[in-house]
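In the numbering used here, the protein residues as written are 10 to 460.
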Amino acid sequence: MQALAENPPVLIRDGGVIADGYHTELDELRNIQTGSGQFLIELEKQEREATGISNLKVEFNRVHGFYIEVSSSQADKVPAHYIRRQTMKNAERYITEELKAFEEKALSAKDKALNLEKVIYENLMAWLGQFTPFLQRCARELSELDAMAALAIVAFEANWVRPQMVPHALLNIQQGRHPVLEVQVEQFTPNDCALHPGKHMALITGPNMGGKSTYMRQTALIALLAHMGSFVPATNAQIGLLDRIFTRIGASDDLAGGRSTFMVEMTEAATIVRQATPQSLVIMDEIGRGTSTFDGLSLAWEIAKRLANTNKCLTLFATHYFEITALGHELDSVFNVHLSATEHQGKLVFLHRIEAGPASQSYGLQVAKLAGLPALVVKNAQKRLDQLEADKRAMNAQVDLFDMPTQEAAEQPASAQHVNLILEKLNEIDPDELSPREALQLIFQLKGLQT
Numbered sequence: 010m011q012a013l014a015e016n017p018p019v020l021i022r023d024g025g026v027i028a029d030g031y032h033t034e035l036d037e038l039r040n041i042q043t044g045s046g047q048f049l050i051e052l053e054k055q056e057r058e059a060t061g062i063s064n065l066k067v068e069f070n071r072v073h074g075f076y077i078e079v080s081s082s083q084a085d086k087v088p089a090h091y092i093r094r095q096t097m098k099n100a101e102r103y104i105t106e107e108l109k110a111f112e113e114k115a116l117s118a119k120d121k122a123l124n125l126e127k128v129i130y131e132n133l134m135a136w137l138g139q140f141t142p143f144l145q146r147c148a149r150e151l152s153e154l155d156a157m158a159a160l161a162i163v164a165f166e167a168n169w170v171r172p173q174m175v176p177h178a179l180l181n182i183q184q185g186r187h188p189v190l191e192v193q194v195e196q197f198t199p200n201d202c203a204l205h206p207g208k209h210m211a212l213i214t215g216p217n218m219g220g221k222s223t224y225m226r227q228t229a230l231i232a233l234l235a236h237m238g239s240f241v242p243a244t245n246a247q248i249g250l251l252d253r254i255f256t257r258i259g260a261s262d263d264l265a266g267g268r269s270t271f272m273v274e275m276t277e278a279a280t281i282v283r284q285a286t287p288q289s290l291v292i293m294d295e296i297g298r299g300t301s302t303f304d305g306l307s308l309a310w311e312i313a314k315r316l317a318n319t320n321k322c323l324t325l326f327a328t329h330y331f332e333i334t335a336l337g338h339e340l341d342s343v344f345n346v347h348l349s350a351t352e353h354q355g356k357l358v359f360l361h362r363i364e365a366g367p368a369s370q371s372y373g374l375q376v377a378k379l380a381g382l383p384a385l386v387v388k389n390a391q392k393r394l395d396q397l398e399a400d401k402r403a404m405n406a407q408v409d410l411f412d413m414p415t416q417e418a419a420e421q422p423a424s425a426q427h428v429n430l431i432l433e434k435l436n437e438i439d440p441d442e443l444s445p446r447e448a449l450q451l452i453f454q455l456k457g458l459q460t
């Protein structure tokens, strides 16, 4: 539209909304604002020639406005139409009708321009009002065309494929990719994802930085793109019609509202377990991290079990609680996958590949080392980890993150089971309350437990 500037400001009060050349009076007011300096130069030259006063000056200050200054020695050459404005020590200041008219225009030009621009804009809006329904329809259709054209260009350039939409709950994605990350990294590793009513929950384990969050988010984005009518970043995809996509990802708080990070996490988890249906896709990333290990593990276990047994939604459930992977053996609808990683020449290498089964270890200390944690801190942390794991195994306390499953623990050598029984017995007694005779009897009892 010729009336509006190409890049107008957000607010009309800032000016510059109406394009130059659209309104003659507005252009003149703008020229006065920007052309005062040139006008004064030309007027000064004109008056010097007309009066013969070589040192005549045309100037401006904020107190007296525009004026013509003539030195006292040249006062006899001042024309009769000059009006004295101010007497100085060695000079006289004058004004003319022409300069006075320009002064009035210049000092009020900005306000007049803004007011005139507002009137022009309001008249323009009033005229456009009769076309509002038509313009709104055009805007909607153009926005849809713009979105579809953008998706089509991306699909062509990034080699996306058309997904097959099916009426029942299903995600069968082959060589899926993250639509944003794949163009930002040098080499992106694609992965498959298969969820259906018979196997609708994938428990995902693996190291930090291994790609768990990327894998889950790309799956959700592929499902979302398919429901938008877009092609998707994969080699093949079957997508079931979903009613919602629920996500519990990242750490955030609402301190102003009195909610901690853990409270926000639990609130979001509560919404998911109450509202998710078999037609929903649920993304759960590291639930239960904001509290003690036992509390977090227990909550994560029961939330996963509820989603699998009651909600029966398509679920990607990432966790560092390795104990939860036992659900893959207990429930037919649950299966384990992990993001692979390996150590090469003392360095951790992320393969970013989804493989069947639970992860073998967490690589937490290696990731801390990669993050730049001082070597001494990592070394001491390794010692502390070894000590904690030894203590836990000895005291038969919390199972280690990647310790043997319950079935394998039951198959420990008989000697190890005897040690556990002896330790349990020792934990039950108070040495300060034992008499010498009772202590001797206890020793014989413990010795008998070895046989």
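Glycine included, each C-beta is placed from N, C-alpha and C at the ideal position.
- [ ] Look at L325 and I213 and say whether their C-beta atoms are less than 8 Å apart.
- [x] yes
Task: Buried or exposed by the 16-neighbour rule on C-beta atoms within 10 Å, applied to I92 - done: exposed
Open item on the list: Quick check: A159 and I41, are their CB atoms within less than 8 Å of each other?
Closed with: no
TODO: Go to H347, then tell me how far its beta strand (DSSP E) extends in each direction, as first and last residue.
DONE: 343-353
TODO: Return helix, strand or coil for K98, following the three-state DSSP convention.
DONE: coil
Open item on the list: Measuring straight from C-alpha to C-alpha, what distance separates L449 and I438?
Closed with: 13 Å
Open item on the list: So for N217, helix, strand or coil by DSSP?
Closed with: coil
TODO: Please go through the same chain and pick out, in chain order, the residues whose beta-carbon is closer than 6 Å to the beta-carbon of G74, but skip the five residues on each side of it.
DONE: E112
- [ ] Find out if the Cβ-Cβ distance for the pair Q227, G259 is shorter than 8 Å.
- [x] no
- [ ] Indicate the three-state DSSP secondary structure (helix, strand or coil) for Q284 in the structure shown.
- [x] helix
Open item on the list: With H, G and I counted as helix, E and B as strand and the rest as coil, what does DSSP make of K321?
Closed with: coil
Open item on the list: So, with DSSP's three-state summary, where would you put A419?
Closed with: With a pLDDT of 46 at A419, under the threshold of 50, the modelled position of that residue is not reliable, and the figure given next carries that caveat. DSSP places A419 in helix when its eight states are reduced to three.
Open item on the list: Residues in the same chain with beta-carbon distance under 8 Å from A235, minus the five sequence neighbours each way, listed in chain order, please.
Closed with: P172, M174, V241, A246, I248
Open item on the list: Taking 7 Å as the limit between beta carbons, can you name the residues of its chain near R298, skipping five residues before and five after?
Closed with: G305
- [ ] Drop a sphere of 10 angstroms on the beta-carbon of E153, count the other beta-carbons inside from all chains shown, and report buried for 16 or more, exposed for fewer.
- [x] exposed
Open item on the list: Please classify T328 as buried or exposed, where buried requires at least 16 neighbouring CB atoms within 10 angstroms.
Closed with: buried
Task: Cα-Cα separation, F135 to A178 - done: The question names Phe, yet the displayed sequence has Ala at residue 135. Computed Cα separation, rounded: 52 Å.
Open item on the list: Tell me the rounded alpha-carbon separation between L455 and E442.
Closed with: 18 Å
Task: Contact check, V67 vs E58, beta carbons under 8 Å - done: no
TODO: Would you mind stating whether P216 and V376 have Cβ atoms separated by less than 8 Å?
DONE: yes
Task: Beta bridge counterpart(s) of M225 as assigned by DSSP - done: Per DSSP, none; premise fails for M225.
TODO: Go ahead and pull the three-state DSSP assignment for D338.
DONE: Per the sequence shown, residue 338 should be read as His rather than Asp. Of the three classes helix, strand and coil, the one that applies to H338 here is helix, per DSSP.
Open item on the list: Going by C-alpha to C-alpha distance, which of K127, S371, L49 sits closest to I21?
Closed with: K127
Open item on the list: Considering just the uninterrupted stretch of the alpha helix (DSSP H) at L204, what are its terminal residues?
Closed with: Note, L204: premise wrong, no alpha helix (DSSP H); beta strand (DSSP E) at 200-204.
Open item on the list: Whole angstroms are fine: how far does the CA of Y130 sit from the CA of P142?
Closed with: 19 Å
Task: Between the CA atoms of L451 and S444 - distance to the nearest angstrom - done: 10 Å
Open item on the list: If you reduce the DSSP assignment to three classes, tell me which class S152 lands in.
Closed with: helix
Task: Distance, A229 Cα to K321 Cα - done: 17 Å
TODO: Leaving aside the five residues before and after L123 along the sequence, list all residues of the same chain whose C-beta is less than 8 Å from its C-beta, in chain order.
DONE: R22, G24
TODO: Starting from the C-beta of G219, find all residues in its chain whose C-beta is less than 6 Å away, skip the five residues before and the five after it, and write them out in chain order.
DONE: L348, A350, F359
- [ ] Starting from the Cα of R287, find the closest Cα among K208, T334, S45, L133 and give me that residue.
- [x] A small correction: the amino acid at residue 287 is Pro; Arg does not occupy that position in the sequence shown. The residue with the shortest Cα to Cα distance from P287 is K208.
Task: Range covered by the alpha helix (DSSP H) that runs through E15 - done: No alpha helix (DSSP H) holds E15; DSSP gives it neither H nor E.
Open item on the list: Considering Cα atoms alone, identify which of E107, M157, C202 is closest to I363.
Closed with: C202
Open item on the list: I'd like to check one pair, L382 with S357: are the Cβ atoms closer than 8 Å?
Closed with: Note on residue identity: the sequence assigns Leu, not Ser, to residue 357. Cβ distance not < 8 Å, so L357 and L382 don't count as in contact.
Task: Coil, strand or helix - V376 by DSSP - done: helix
Task: Assumed close pair Y31, Q11 - CB separation to whole angstroms, cut-off 8 Å - done: 6 Å
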